[in-house]
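So, in structure tokens, the structure goes:
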């Protein structure tokens, strides 16, 4: 059983009558009484592990008959922001006044099976069920220029925000572009119309962020994220929120008035920032699916998004997602990848399988895995050291020469190293840092003699076993291959 009938089964008549009564109280001009009613609704929803996004279905009424913009305002009555709640309340009263209806008329429709014309989309009867993933995928193509596999993942990510509490992980979405005017802000605006409880910021403080998340578990949409200074050492608390919020149960502990208070951080997150900002902190980047946006080439016309006159099709898609969100999902679908990469994609693949897009989603996942896989910094170091040995065709390298080669290696960033935790200012990789990372693989520099001189350095043979264990071995030359120089080291 799916849809509002299934979700309403969790509520008995007593609970529905209570919400009916409390919902009517939201119309009062007495702010204290209205807030008290909202608080009691919040508490009841938490008891049943539900949110305000479920409110229409929980009331047991004509969910299919409620127009999308009205449904959005009803859900917004539970927003954490008081101004947003007030705006939603005004919007509802304006709609009611335009149809000479009262707040009680609205509750009557919500709690019955009547299909009042004023509450329905004026151009149609109750909406027919369509595939929400296909609809969102189509709408994204109309507004932004992406690669085919990127349309698939962004559409899946938008849907996953509505059911992320059914999974252990919510993948972060990173929107990157080399120059401005590539559609990042437009895409965030579109996502704000499609995701659950969206909270869009151009800037936000750490204190505001963990309070917003703890209060409402919204979908965080952060534009101009380069202004947050995520890579700076002093911003560890902000990084902790983004990192811990990737997994259900994530929390941060804050000292308030002499007592420790824990704030929940689990919430979907999308970040938009330019490539010129440099790499995201590695701990955050490994939790991200990155969309590499480029400026539109103009070969096809894109729609212009106007926030003051949003496309009704976006509201229709949002409504279809609400009707779909109680569908049964496989919590452990077949995954062609492993580890954190699989964790990030598991919710998306589960949704895709349920909606008949499993093949397209897995194809997209493999493309992302090839293009954007962010290995552990130590594994990247191993792979780049192998490149240096292959290019130079030698059996050993003094530390200084190895460092110089790493600093100058194309498509590597060892001359702008930020530390293992990506929490330092950019600098050239140092010999002590190199030795510290390689020590994890039981590789230590030793004195090597060559042509009467000695220097600390590394032999290729010492890396062969770690390369086989951690790196793709395609194209790698074996130690002591023909043409390699062999020298004597200073150890017995």
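Residue numbers (the numbering used here): 1146 to 1637. Glycine residues also receive a C-beta, built at the ideal position from the N, C-alpha and C atoms. Bear in mind that the values here come from a model prediction, so they are computed numbers and not experimental data.
Item: Nearest to residue 1390 (by Cα), restricted to the options 1410, 1403, 1399 and 1383; Value: 1410
Item: For residue 1558 and residue 1547, the rounded distance between their alpha carbons; Value: 14 Å
Item: Burial state of residue 1329 (16 or more Cβ within 10 Å); Value: buried
Item: C-alpha gap between residue 1603 and residue 1574, whole angstroms; Value: 16 Å
Item: Exposure label - residue 1495; buried when at least 16 CB within 10 Å; Value: buried
Item: Contacting residues, own chain, Cβ-Cβ under 6 Å from residue 1524 (five flanking each side not counted); Value: 1615
Item: Own chain residues within Cβ distance below 6 Å of residue 1346, not counting five before or after; Value: 1367
Item: Under 9 Å between C-beta atoms of residue 1320 and residue 1438; Value: yes
Item: Range covered by the beta strand (DSSP E) that runs through residue 1319; Value: 1317-1322
Item: Close-in-space but distant-in-sequence residues of the same chain around residue 1585 (CB under 6 Å, 5 per side omitted); Value: 1523
Item: Spatial distance of residue 1322 from residue 1420 (CA atoms); Value: 5 Å
Item: Segments of 4+ residues assigned as alpha helix (DSSP H) that fall wholly inside the stretch 1535-1593; Value: 1544-1552 and 1576-1584
Item: Residues near residue 1224 in its chain [Cβ-Cβ closer than 6 Å; skip 5 each side]; Value: 1230
Item: Rounded straight-line distance, which links the Cα of residue 1576 to that of residue 1131; Value: Since the displayed the chain opens at 1146 and closes at 1637, residue 1131 lies outside it and no answer follows.
Item: Straight-line Cα distance separating residue 1526 from residue 1578; Value: 11 Å
Item: Where residue 1639 falls: helix, strand or coil (DSSP); Value: Because the chain in this structure spans residues 1146 to 1637, residue 1639 falls outside the shown range and cannot be described.
Item: Per DSSP, the bridge partner or partners of residue 1343; Value: 1364
Item: Beta-ladder partner(s) of residue 1419, from DSSP; Value: 1322
Item: Validate contact between the stretch 1439-1453 and the stretch 1284-1291 using beta carbons, cut 8 Å, 3 pairs; Value: yes
Item: Helix, strand or coil at residue 1168 according to DSSP, with G and I counted as helix; Value: helix
Item: Segment limits, beta strand (DSSP E) that includes residue 1397; Value: 1396-1401
Item: DSSP beta-bridge partners of residue 1603; Value: 1542
Item: Rounded straight-line distance, which links the Cα of residue 1513 to that of residue 1535; Value: 27 Å
Item: Residue 1269 classed as buried or exposed, judged by whether at least 16 other C-beta atoms fall within 10 angstroms; Value: Note on residue 1269: pLDDT 44, under 50, position unreliable in the model; no value is reported.
Item: Rounded straight-line distance, which links the Cα of residue 1468 to that of residue 1385; Value: 34 Å
Item: Residues near residue 1554 by beta carbon distance below 8 Å, same chain, minus five either side; Value: 1529, 1532 and 1533
Item: Among 1313, 1315, 1387 and 1337, the one whose alpha carbon lies nearest that of residue 1349; Value: 1387
Item: First through last residue of the alpha helix (DSSP H) which encompasses residue 1671; Value: Lying outside 1146 to 1637, the shown extent of the chain, residue 1671 is not represented and no answer is given.
Item: Counterpart residues of residue 1433 in DSSP-defined beta bridges; Value: 1317
Item: Contact under 9 Å by Cβ, residue 1412 with residue 1406; Value: no
Item: Residues sharing a beta bridge with residue 1392, DSSP; Value: 1314
Item: Same chain, Cβ closer than 6 Å to residue 1560, neighbours up to 5 away in sequence not counted; Value: 1552 and 1573
Item: Start and end residues, alpha helix (DSSP H) containing residue 1613; Value: 1609-1615
Item: DSSP state of residue 1472 mapped onto helix, strand, coil; Value: coil
Item: Cβ shell of residue 1632 (< 8 Å), same chain only, five flanking positions each side left out; Value: For residue 1632, the pLDDT reaches just 38, beneath the cut-off of 50, and the residue's location in the model is therefore unreliable, although a value from the coordinates is still provided. Taken in chain order, the residues that qualify are 1540, 1541, 1593, 1594 and 1595.
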